């Protein structure tokens with residue numbers, strides 16, 4: 014299952030009972046401090062260790078909307 018939380022307090026300890034692995038993802042706009050707090054809470058609740066995995070580098074770019082291009 015997947016859960017959406019706004020902060021570390023939103024984690025229900027029952028979610029991780031019996032789990033061997035837990036993945037955490039966050040959007041680019043998520044403040045790093047909140048992500049770190051979520052990871053710290055999961056680590057404390059599970060008694061496990063955190064291991065960061067390298068993701069796949071993204072090279073996606075988007076052109077400016079026409080209205081903004083014209084404003085140059």
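In the numbering used here, the protein residues as written are 14 to 85.
Using N, Cα and C, we set each Cβ at its ideal position, and we do this for glycine too.
Model, not experiment: these values are computed from the prediction.
Residue from 67, 34 and 46 with nearest C-alpha to residue 61: 34
Residue span of the alpha helix (DSSP H) that contains residue 39, given as start and end: First-last for residue 39: undefined, no H or E at that position.
C-beta contact flag for residue 73 and residue 51 at 8 Å: no
Residue span of the alpha helix (DSSP H) that contains residue 81, given as start and end: 79–83
Own chain partners of residue 47 with C-beta closer than 7 Å, once the 5 adjacent residues on each side are dropped: 20
Beta-carbon proximity list for residue 54, same chain, < 7 Å, skipping 5 on both sides: 21 and 24
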